[in-house]
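Heads up: the sequence shown runs through residues 0 to 73, numbered per the numbering used here.
Let me begin by presenting the structure, written as structure tokens, before commenting on it.
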Amino acid sequence: MYGVLINIGVTRSTDVLDEPVVGHDEVHVKLERLLICSECEKGPLGFAGIPIGLEADHRNLQFSLSCNSVLYDF
């Protein structure tokens with residue numbers, strides 16, 4: 000199996016979004032940062048966000064990466 004390391008250490012503010020909240024069923028997440036490739040600065044590749052109601056603790060920050068943003072092979 001071959002893999003590619005993606006450096007997503009660079010992030011951008013969500014101020015560019017009209018609605019910085021995404022949700023599915025009962026869970027809604029406030030987007031905090033957009034994940035951007037640090038080498039080419041393209042993206043977003045995904046986002047970092049905190050479920051609404053759990054914002055008081057930074058350990059609740061969750062990261063989501065779009066499978067369409069990366070190339071993978073099995």
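Even for Gly, the Cβ is constructed at its ideal location relative to N, Cα and C.
Judged by DSSP secondary structure, Ile35 falls within the beta strand (DSSP E) whose first and last residues are Val26 to Ile35. For a cut-off of 8 Å, the C-beta gap from Ser65 to Leu44 is around 6 Å, short enough to register as a contact. When only Cα atoms are considered, Gln61 and His27 end up about 12 Å apart.
For Gly22, the number of other beta carbons within 10 angstroms of its own is below 16, and it is reported as exposed.
Nearest to Glu54 by alpha-carbon distance, out of Val20, Ser68 and Cys36, is Val20. Per DSSP, Pro50 is one residue of the beta strand (DSSP E) stretching across Gly45 to Pro50.
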